[in-house]
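So the sequence lines, in the order shown, correspond to chains A and B. For the first sequence, our numbering assigns the number 88 to the initial residue and increments by one for each residue that follows. For the second sequence, our numbering assigns the number 371 to the initial residue and increments by one for each residue that follows. All C-beta atoms in this analysis are idealised placements derived from N, C-alpha and C, irrespective of residue type, glycine included.
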Amino acid sequence: MADEAAKPASYERINYHLRPAKNIERKMMVEALRRLDRLTNLSAYRYVGFGSPYFADFSMIHKHLDITTLISIEREVKDKARFEFNKPYKSIEIRYGEATEVLPKLDWEQKSLVWLDYDNPLHPSMLGDIEGVVAMAAPWSVVIATFDADPTEPLDERKKELEARLPELVPPGVTDDELGEWGTADVTFEIVSERLKEAIVNRNYGKTKATHLAYQPLFHFRYKDGARMVTLGGVLVPAADAERFDVCGYKDVEFVSLDGAPYEIAVPKLTYRELDHLDAQFPEPDLTKVKRKGVPKEDVEKYSRVYRYFPRFVDAEH
Amino acid sequence: MSPTKATSGIVHAEPTKDFFITMLVRDIELVPAIVDLVDNSIDGARRLRPNGNFDGLSVRIGFSQEEFSIADNCGGIPLDIATEYAFRFGRPEKMEKTIHSVGQFGVGMKRALFKLGSDISIRSHTAKNSFEVFVDVPKWRRASRWTFPLTPYKPSRGTERGTYIKVTELLAPVKEEFGYSSFASELVETIKRVHGDALSAGLSITVNGVPISVELRTLFESEDLQPAYSLTRYFEEDPPEATLRLYVGVSESNPNAAGWYVYCNGRLVLGPDQTIVTGWGERSGGTIPKYHNQFARFRGYAFFDCDDASRLPWTTTKTGVDAGHPLYRAARTLMVQFTRPVIDFLNELDREKVIPPTNKRPLEEVVASAEANPRPLSALTTERPFSAPEQTVVIRPPDKTSIQYEKPTSEIELVKKKLKARSASQVGARTFEYFFNRECKK
């Protein structure tokens, strides 16, 4: 049983499978995006995502945001029958191919909510995808991207690996130790943010001021269900509406990052009974008043930030 | 040496004549230098015929071991322009700009002439007056003044209004290049490619008496296969606006002609290009694969136009684009977006060779039937994306490689027994699977 000992405890493995942090991330995003309705008709958006066979994001987006035009980009053509079978809603259209191939062929007249949930480490072609979306997307479109940012390489090979994977893109001065923990996520965030900035400049070039767009950051999540992941995203706000953007009240939303600062989704490991016990005492701004019943203090703190989004697994994907 | 205490004063920054005579000329090759002289004639034609119809106008290039000449009937250089501006190095601010010009730096003509030889004469005959400028390069080099002598001359009756440039005392490398029989054809091909627009507009260009033909730029078109056309306008703080026209599609399979062609005010400055400059290769965030011969049918044409030439992404040699120019950077993103669907189509087309198509109609046939109808770019005026038949998705079977190796028979027999295998090849396959399943799956 020596092998068994090296593996993480079983409840951790279950958590990994169900990906609670990712689940929370989706819910937070949806809650934040709903506020865009104060400025622009949300149900008129089109959602573009990578549904895979689970379509978890599609279900949420359709149910909670009333978005009915749904496009899933799927690269595994060989499992076509399975994907078609798993479509939770009729209006989901699956476009087969790599994102790089499919994105330029979509019609971009309609404002879009695009979530490029790569699940892989950043690759130059992904920057091209993002730049393409920014170049084509209608005003008010939302661009979100998620990357694996786990420093899996041996300590002294991290920088080498990163530079090989992202030639000419790694900021000078990055060192191997800086790429540990959330360091790889930070560099990923920086590289993608740079490209977004450039893409906006290119998009606005030679356009009349009134039609300029600005990239307004909304999300910078980091979480770790298994591998460390980083998500960033924002809205392409028409320059003319920049001031009105405040009505969304994003500055009051704790997990929304208007300035690009990261928000870590930390998931405490609690039993259902503990969850119920804590829920009954929330909301409670003063956590010292909470009766913990042996739950570690930091877990109470973590839970207080995510309790409204916390998945109960029977309810996780539907 | 004892240190000298610095006092305020000036430092000298004037150019030396050698900088122009022997340095600048290294940045350009002979053919593009000569094409630069053609650019001047074309700008003359533009001033003479703002409507863009160049019928009856001509540029005649001649070269031998003794001399080089270029003559045109494109209006000549007005005297005031000649005395104040045309021979200055660099374009003076006050000089009136030619609308939609192809010259704009004020370096091309002088650089080309210095590249060619050391005895130069430029004759201009305009509606108002006629003059000749002589440059004895070695003499000018020694002189301290930055002027060339100009003398009026009396043209004979019937002299056309235009410019006539003659260079003798050709430099040794020029003589050598002029001696190659391939030089004329290289010059002709370059002018044909670079000045397709001016040739189409009716300008006649000859090299040693042989006229250069117009080559029509076309893309295949049929009901099933339609090239993309898009028009983007770029405004700046004040007019004039710049425009970008993109034409992207497929044409004959020719690796030497495939790629992107970039034009500024009708003058080709780059192409056919198959490098990162026009988006090929995934370096620094591209999404288009590296150029490969299966894309030999790819053609992309990007036409930048602006009445104010200084707003376009030229380089001074006009043998490339200023890739860092904000207009070009903005355009490049669009070019990449337009490249993608054509590349995907060509990949499908290529895949047909390996996996027989499940479509009713093979793509090869779609292309072949469109081949009968090459459409000139000028006939594509409706904005639309590239379209080709949606291909039934073909699943590529995984690539396979066979392995062969030898091991002692006794050992194989042992493994065979353990595996309950019937043959040595089963032993090989199953031992591989055993390792793969335990070590390589996830």
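Within 10 angstroms of the Cβ of residue i, are there 16 or more other Cβ atoms? Answer buried if so, exposed if not.
| i | result |
| --- | --- |
| residue 631 of chain B | buried |
| residue 289 of chain A | buried |
| residue 410 of chain B | buried |
| residue 202 of chain A | buried |
| residue 447 of chain B | buried |
| residue 380 of chain B | exposed |
| residue 580 of chain B | exposed |
| residue 516 of chain B | exposed |
| residue 465 of chain B | exposed |
| residue 810 of chain B | exposed |
| residue 266 of chain A | buried |
| residue 797 of chain B | buried |
| residue 549 of chain B | exposed |
| residue 359 of chain A | exposed |
| residue 206 of chain A | exposed |
| residue 355 of chain A | buried |
| residue 307 of chain A | buried |
| residue 460 of chain B | exposed |
| residue 370 of chain A | exposed |
| residue 501 of chain B | buried |
What separation, rounded to the nearest whole angstrom, lies between the Cα atoms of residue i and residue j?
| i | j | result |
| --- | --- | --- |
| residue 493 of chain B | residue 537 of chain B | 12 Å |
| residue 158 of chain A | residue 181 of chain A | 6 Å |
| residue 192 of chain A | residue 346 of chain A | 32 Å |
| residue 789 of chain B | residue 800 of chain B | 8 Å |
| residue 338 of chain A | residue 313 of chain A | 30 Å |
| residue 478 of chain B | residue 689 of chain B | 12 Å |
| residue 441 of chain B | residue 429 of chain B | 6 Å |
| residue 281 of chain A | residue 114 of chain A | 27 Å |
| residue 303 of chain A | residue 625 of chain B | 44 Å |
| residue 813 of chain B | residue 595 of chain B | Missing from the structure shown is residue 813 of chain B; chain B here goes from 371 to 812 and no further. |
| residue 613 of chain B | residue 696 of chain B | 14 Å |
| residue 344 of chain A | residue 270 of chain A | 18 Å |
| residue 241 of chain A | residue 272 of chain A | 16 Å |
| residue 95 of chain A | residue 774 of chain B | Since pLDDT at residue 95 of chain A reaches only 43, below the 50 mark, its modelled position is unreliable, and the value read off the structure follows with that caveat. If you take the alpha carbons of residue 95 of chain A and residue 774 of chain B, they lie about 40 Å apart. |
| residue 348 of chain A | residue 276 of chain A | 10 Å |
| residue 388 of chain B | residue 507 of chain B | 10 Å |
| residue 377 of chain B | residue 383 of chain B | 18 Å |
| residue 418 of chain B | residue 445 of chain B | 6 Å |
| residue 736 of chain B | residue 746 of chain B | 19 Å |
| residue 286 of chain A | residue 110 of chain A | 30 Å |
| residue 396 of chain B | residue 116 of chain A | 58 Å |
| residue 64 of chain A | residue 587 of chain B | Beyond the ends of chain A as shown, which are 88 and 405, falls residue 64 of chain A; an answer cannot be given. |
Out of the options, point me to the one whose CA is closest to residue i's CA.
| i | options | result |
| --- | --- | --- |
| residue 533 of chain B | B/491, B/375, B/613, B/394 | B/491 |
| residue 385 of chain B | B/734, B/394, B/378 | B/394 |
| residue 535 of chain B | B/551, B/695, B/495 | B/495 |
| residue 405 of chain B | B/682, B/758, B/472, B/802 | B/472 |
| residue 328 of chain A | A/298, A/344, A/356, A/307 | A/298 |
| residue 644 of chain B | B/662, B/637, B/686 | B/662 |
| residue 606 of chain B | A/292, A/361, A/118 | A/292 |
| residue 380 of chain A | A/138, A/365, A/372, A/393 | A/365 |
| residue 627 of chain B | B/667, B/700, B/716 | B/667 |
| residue 254 of chain A | A/214, A/153, A/136 | A/214 |
| residue 223 of chain A | A/108, A/243, A/197, A/350 | A/197 |
| residue 175 of chain A | A/199, A/397, A/147, A/295 | A/147 |
| residue 399 of chain B | B/553, B/578, B/611 | B/553 |
| residue 412 of chain B | B/449, B/760, B/457, B/470 | B/470 |
Taking 7 Å as the cut-off, is the beta-carbon of residue i closer than that to any non-hydrogen atom of the ligand HEM?
| i | result |
| --- | --- |
| residue 239 of chain A | The ligand HEM is not part of the structure shown, which contains no ligands of any sort. |
Please list, in chain order, the residues of the segment 672 to 700 of chain B that have any C-beta partner in chain A closer than 8 Å. If you check each beta-carbon in the segment 672 to 700 of chain B against every beta-carbon of chain A, the ones closer than 8 Å belong to 696, 697, 699, 700.
Counting beta carbon pairs with one atom in the segment 426 to 444 of chain B and one in the segment 712 to 727 of chain B, are three or more of them shorter than 8 Å? No contact exists between the segment 712 to 727 of chain B and the segment 426 to 444 of chain B.
Okay, do the segment 607 to 622 of chain B and the segment 707 to 714 of chain B touch, 3+ Cβ pairs below 8 Å being the bar? Contact between the segment 607 to 622 of chain B and the segment 707 to 714 of chain B is present, because at least three Cβ pairs lie under 8 Å.
Using a Cβ cut-off of 9 Å, which residues of the segment 212 to 244 of chain A contact any Cβ in chain B, in chain order? If the cut-off is 9 Å between Cβ atoms, the segment 212 to 244 of chain A has 212, 213, 214, 215, 216, 217, 218, 219, 221, 222, 223 near chain B.
Of the residues that make up the segment 187 to 202 of chain A, which ones have a beta carbon closer than 7 Å to any beta carbon in chain B? If you check each beta-carbon in the segment 187 to 202 of chain A against every beta-carbon of chain B, the ones closer than 7 Å belong to 187, 188, 191, 192.
Check whether the segment 567 to 580 of chain B touches the segment 414 to 430 of chain B, taking contact to mean three or more Cβ pairs, one atom from each stretch, closer than 8 Å. Counting Cβ pairs under 8 Å, three or more are found: they touch.
Could you name the residues of the segment 282 to 295 of chain A whose beta carbon sits closer than 9 Å to any beta carbon of chain B, in the order they occur along the chain? For the segment 282 to 295 of chain A, the residues whose beta carbon sits under 9 Å from a beta carbon of chain B are, in order, 282, 285, 286, 288, 289, 290, 291, 292, 293, 294, 295.
Are there three or more Cβ pairs, one per stretch, closer than 8 Å when the segment 348 to 367 of chain A is compared with the segment 380 to 397 of chain A? Here the segment 348 to 367 of chain A lies against the segment 380 to 397 of chain A, with 3 or more beta-carbon pairs under 8 Å apart.
For the segment 707 to 738 of chain B, list every residue whose C-beta sits within 7 Å of some C-beta in chain A, in sequence order. Listed by position along the chain: 707, 710, 711, 714.
What are the residues in the segment 589 to 606 of chain B lying within 9 Å of chain A by C-beta distance? Identification of residues in the segment 589 to 606 of chain B having a C-beta nearer than 9 Å to some C-beta of chain A yields 602, 603, 604, 605, 606, given in sequence order.
Are three or more beta carbon pairs between the segment 512 to 527 of chain B and the segment 547 to 562 of chain B nearer than 8 Å? Counting Cβ pairs under 8 Å, fewer than three are found: no touch.
Note down, in chain order, all residues in the segment 611 to 625 of chain B with a beta-carbon under 8 Å from any beta-carbon belonging to chain A. Only those residues of the segment 611 to 625 of chain B whose C-beta falls short of 8 Å from the nearest C-beta of chain A are listed: 611, 612.
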